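Residue numbers are given in my numbering: position 232 of the sequence shown equals residue 266, and the series is strictly consecutive. Where is the CB? At the ideal position from N, CA and C, for every residue including glycine. All figures in this text were calculated on a predicted structure; none of them were measured in a lab.
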Amino acid sequence: MTDSTPTSPALTELLKDAPTNWGKWGDDDEVGSLNYLGPEQVLAAVRLVSAGKVFTLQRLIGDPKGDPVWPGRTPAVRTQVLDESDWDEGGKGASFPGGLHYADDKIDAYLQGSTQYDALGHLWYDGKIWNGYDARTTVGGLEKASVLPIAERGIVGRAVLLDMARFRGKETLDKGETFTHEDLQECAAAQGAQIQKRDILVIRTNFLQQFHEQGDAFYEGFNEPGLVYSPELVQWFQDMEIPNLVTDTIANEVTFDPNNGVALVLHSALMRNLGVTLTEIADLEKLAADCAEDKRYEFLYVAAPLKVSKAAGTPVNPVVIK
Numbered sequence: 035m036t037d038s039t040p041t042s043p044a045l046t047e048l049l050k051d052a053p054t055n056w057g058k059w060g061d062d063d064e065v066g067s068l069n070y071l072g073p074e075q076v077l078a079a080v081r082l083v084s085a086g087k088v089f090t091l092q093r094l095i096g097d098p099k100g101d102p103v104w105p106g107r108t109p110a111v112r113t114q115v116l117d118e119s120d121w122d123e124g125g126k127g128a129s130f131p132g133g134l135h136y137a138d139d140k141i142d143a144y145l146q147g148s149t150q151y152d153a154l155g156h157l158w159y160d161g162k163i164w165n166g167y168d169a170r171t172t173v174g175g176l177e178k179a180s181v182l183p184i185a186e187r188g189i190v191g192r193a194v195l196l197d198m199a200r201f202r203g204k205e206t207l208d209k210g211e212t213f214t215h216e217d218l219q220e221c222a223a224a225q226g227a228q229i230q231k232r233d234i235l236v237i238r239t240n241f242l243q244q245f246h247e248q249g250d251a252f253y254e255g256f257n258e259p260g261l262v263y264s265p266e267l268v269q270w271f272q273d274m275e276i277p278n279l280v281t282d283t284i285a286n287e288v289t290f291d292p293n294n295g296v297a298l299v300l301h302s303a304l305m306r307n308l309g310v311t312l313t314e315i316a317d318l319e320k321l322a323a324d325c326a327e328d329k330r331y332e333f334l335y336v337a338a339p340l341k342v343s344k345a346a347g348t349p350v351n352p353v354v355i356k
C-alpha cells in the first residue's frame, strides 16, 4: 500500500523561475527593496499630510487580553524591578541625595513577539539568504542582512491602506482566507485609492481580533489569512517595486498555501528573493476607522525598528501621519 498524501514541492523547485533582485544594489546590499524609497518618495509622501492626524501602529505589549505571537513563541513578560515599596522599611531602594525614589522594570521577550520588522536574512532556503549570502552567516546571530541596516536606514514613504476586511464586508477575514494582488487592486479602487509604484502596502484583515476573542483556541489549526503565492503576484511586486509589506497578521501571508501546501512561500519569494521588507502584527484599527470616515487611504508612513546587533527582527512602533 502506498501513501497517497500529496508531497509539497521544495521551494527550490517552486521558485526556480521566480524573479530576484540579488545584486541589483550591489553585492553588499542588506536593505533590499527599501532602496526604492529615496528622497523623491519621501518628499512625495510628506506632501500627503494635510490634517495633521497621527496614528501609531504598534500593538500593546502586555495587553490584559494577551499578546498574539507566532506558535512556539511566548509573549513578553514585564517584571517590576523597583517601585515605592522598595523604600519601605528594610527595602532595597538606594538612598540618593535629596530623597529621589524611582520605578524600574524590564521585559523578557522575543524580538519578533510584537509589532516588528523582519530582517532580510530572517528566513531562507537552499542555503542562501537575501542577496545570495551564505546561510551560515546566521550562525550565532546574523552577520549579513540583519535588521540593523534597516533600523539604521529607517523607512519613510507613501503608504496605502488596503482594508480587505471591510472590502469583503467582514468583521475579520476567516482562517486560511486568501487574496491576490488583483484583489488588492480591486480593494483600492473600491476605496477610491490607487496603488502606485514604490508604495508601502498596509493590509488590514483584523484577524487578530479572533485571538482576543478565542484565547488559546485561536492556535488550533493555525492558518492565518493573507496573500497567496502565484508567479503573477510575485512579478507584480517586482514590477511595482514594492519596498515594504505591512499587515496586521503574525506572518504577512496565508500560513499554508492552499494550492501547494508549502508554508510561508511569500517570505521566500518576496523577502529572500526580492528584498521586500516585511512588517507584522500591526494594529490598524484606529487608522482603518479614520480612513473609512474621511475616505483618505493614502498617507505618510514612518518607521524605525529598534537597533539590535545581529538580530533577525526587532520591535517597531510605526507612525502614520495624514
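Going straight from the alpha carbon of residue i to that of residue j, what length do you get?
i	j	result
G175	A346	8 angstroms
S119	D97	24 angstroms
D117	T149	28 angstroms
T39	P292	Only weak support is given to the placement of T39: the predicted model assigns it a pLDDT of 45, under 50, and the value that follows is read from those uncertain coordinates. Their Cα atoms are separated by approximately 14 angstroms.
Y331	V115	43 angstroms
A222	D197	8 angstroms
F201	V354	21 angstroms
Y159	D122	56 angstroms
G199	P259	What sits at residue 199 in the sequence shown is Ala, not Gly. For A199 and P259, the distance between alpha carbons rounds to 11 angstroms.
D37	L48	The predicted position of D37 is uncertain, since its pLDDT is 43 and thus under 50; a value taken from the coordinates is nonetheless stated next. Roughly 22 angstroms between the two C-alpha positions.
D142	V350	16 angstroms
V65	I229	22 angstroms
Y253	P105	7 angstroms
E287	A224	22 angstroms
L321	P131	46 angstroms
N165	G72	20 angstroms
DSSP three-state call for residue i: helix, strand or coil?
i	result
G347	strand
K320	helix
C255	Cys is not the amino acid found at residue 255; the sequence shown has Gly there. In this structure, G255 counts as coil in the three-state DSSP scheme.
T313	strand
D101	coil
T172	helix
V76	helix
E332	strand
A297	strand
G260	strand
F241	coil
N278	strand
A52	coil
V83	coil
Q146	coil
D197	strand
Y167	coil
I284	coil
L27	This structure leaves residue 27 out entirely; the chain is present only between 35 and 356.
Cα-Cα, which of the options is closest to residue i?
i	options	result
H215	K209, K178, D208, I237	I237
T348	Y144, N55, Q75	Y144
Y70	G191, L94, A110	G191
Q244	L261, Y263, T206	T206
A153	A79, K204, S302, E319	S302
F271	T41, K50, T54, L48	T54
G147	L235, T113, T313, D233	T313
G188	P339, G106, D324	P339
D328	K87, S42, T171	K87
A323	V288, K162, A169, L195	L195
F213	Y263, A179, L82	Y263
A326	G203, W164, R232	G203
D51	K162, W164, D139, Q269	Q269
D63	L308, S84, D139	L308
L94	L82, A316, V342, K162	A316
For the putative contact between residue i and residue j, defined by C-beta atoms under 8 angstroms, what is the C-beta separation to the nearest angstrom?
i	j	result
N278	L68	7 angstroms
V103	Y151	The Cβ separation is near 16 angstroms, so there is no contact.
A193	I234	4 angstroms
V299	I276	Incorrect: roughly 16 angstroms between the Cβ atoms, too far for contact.
A79	L334	5 angstroms
Under 8 angstroms, Cβ to Cβ, is there at least one residue of chain B near residue i?
i	result
V268	The chain inventory of the structure shown lacks chain B, comprising one protein chain alone.
Can you name the residues that DSSP bridges to residue i?
i	result
K140	T113
R192	L334
V88	I355
F290	A297
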